[in-house]
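Asker: Got a structure here, written out as structure tokens. Questions coming.
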Amino acid sequence: MSIYHLEDTNRNARPGAAMTTTTTAPVKAPQATREYRKFTVDEYFRMVKAGILQEDERVELIEGDILVMPPMDYPHSSGIMRHIRIFRQFPVEQFALLIQAPLPLGSSSAPEPDLALLRYREDDYSDGFPSPDDVLLVIEVAYSSLAYDRDVKAHIYGRANIPETWVLNLRGDCIERFTEPGPEGYAQHTVLRRGDKVTPVALPDMELAVEDLLPPVQSVAEGE
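Residue numbers (numbering that gives the first Met the number 0): 0 to 223.
In structure tokens form, the structure reads like this:
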């Protein structure tokens, strides 16, 4: 609430004389400048090791901020299961499959993509998390998290020089494909729909039907 004080500057003026008043605006308190503590990837994993963050806690580190991921809805979980089934049909030596596990990117981000196709290694990365150079393709299944996956996480993947990211847009019944990574993120954004085919940039011998990657049409209608 703003309070204005009226000051009579002619208190002793004769009756009938013109009165002048001045308005004094309230003095606003100075706004405090807040700085937020950013965390590094090393600090993030030390907090997990110390038990400050639980290993099964749904959080991820995005540009120094620890973000809580919302509970997974059934269209999201079904989309992940569908992709796991499809990619497990390929020879195991073609790529490794990372499922909802941390992917350190630089010093300030460790997102947990729904799926990531990695360069195949017989030791299954037993000596540490994969690096961005190990990633062939990232896939995010997006229902309630569409804006976050498309505008925030895909941008981070592009800046990390991951060759390709797919955002499975369940609400739009399409796949949003991001390619040509660079310092400002991905330069190319393509929308793929039923009837289209898609071949990952880093896996030129693989061709997939978009129809197979999207949920059955009946499921799409039920989720709306």
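Positions of the beta carbon are idealized from the N, C-alpha and C atoms, including for glycine.
Note the first and the last residue of the continuous beta strand (DSSP E) segment covering residue 115.
Answerer: Segment 114-117, the beta strand (DSSP E) holding residue 115.
Asker: Below 6 Å CB to CB, which residues in the same chain sit around residue 165 once its five sequence neighbours on both sides are set aside?
Answerer: Contacts found: 138, 174, 176.
Asker: Does the beta-carbon of residue 78 have 16 or more other beta-carbons within 10 angstroms, so that it is buried, or is it exposed?
Answerer: Burial call: buried.
Asker: Using the rule of at least 16 other Cβ atoms within 10 Å of the residue's Cβ for burial, across every protein chain shown, is residue 20 buried or exposed?
Answerer: Residue placement at residue 20 is flagged as unreliable, the pLDDT there being 49, under the threshold of 50; a coordinate-derived value is accordingly withheld.
Asker: Does the structure place the segment 83-95 close enough to the segment 105-113 that three or more beta carbon pairs sit under 8 Å?
Answerer: The segment 105-113, when compared against the segment 83-95, does not touch it at the 8 Å Cβ threshold.
Asker: Residue 61 and residue 197 look like a contact to me (Cβ under 8 Å); what is the Cβ gap, rounded to whole Å?
Answerer: Rounded, the Cβ-Cβ distance is 27 Å, inconsistent with contact.
Asker: Quick one: using the 10 Å Cβ neighbour count with 16 as the cut-off for buried, is residue 157 buried or exposed?
Answerer: Buried, by the Cβ-count rule.
Asker: Taking its Cβ as the centre, do 16 or more other Cβ atoms sit within 10 Å of residue 35, making it buried, or is it exposed?
Answerer: Its Cβ having fewer than 16 others within 10 Å, residue 35 is exposed.
Asker: With DSSP run on the structure shown, which of helix, strand or coil describes residue 65?
Answerer: Looking at residue 65 - three-state DSSP - the assignment turns out to be strand.
Asker: Would you mind stating whether residue 116 and residue 135 have Cβ atoms separated by less than 8 Å?
Answerer: Yes, Cβ-Cβ distance for residue 116 and residue 135 is below 8 Å.
Asker: Among the candidates 140, 179, 146, whose CA atom is the shortest distance from the CA of residue 71?
Answerer: Residue 140 is the option with its Cα nearest to residue 71.
Asker: Excluding the 5 residues preceding and the 5 following residue 210 in the sequence, name in chain order all residues of the same chain whose CB lies nearer than 6 Å to its CB.
Answerer: Closer than 6 Å at Cβ, skipping near neighbours: 193.
Asker: Assign residue 226 to buried or exposed, taking buried as 16 or more other Cβ atoms, counted over all protein chains shown, within 10 Å of its Cβ.
Answerer: This structure cannot settle anything about residue 226, because the visible part of the chain is limited to 0 through 223.
Asker: Could you give the distance in angstroms between the alpha-carbon of residue 102 and the alpha-carbon of residue 212?
Answerer: Answer to the nearest angstrom: the Cα atoms are 23 Å apart.
Asker: If we call anything under 8 Å between Cβ atoms a contact, is residue 66 one with residue 59?
Answerer: Their beta carbons are under 8 Å apart, which means residue 66 touches residue 59 by this criterion.
Asker: Would residue 142 pass as a contact of residue 75 if the rule is Cβ separation under 8 Å?
Answerer: Result yes, Cβ atoms of residue 142 and residue 75 sit closer than 8 Å.
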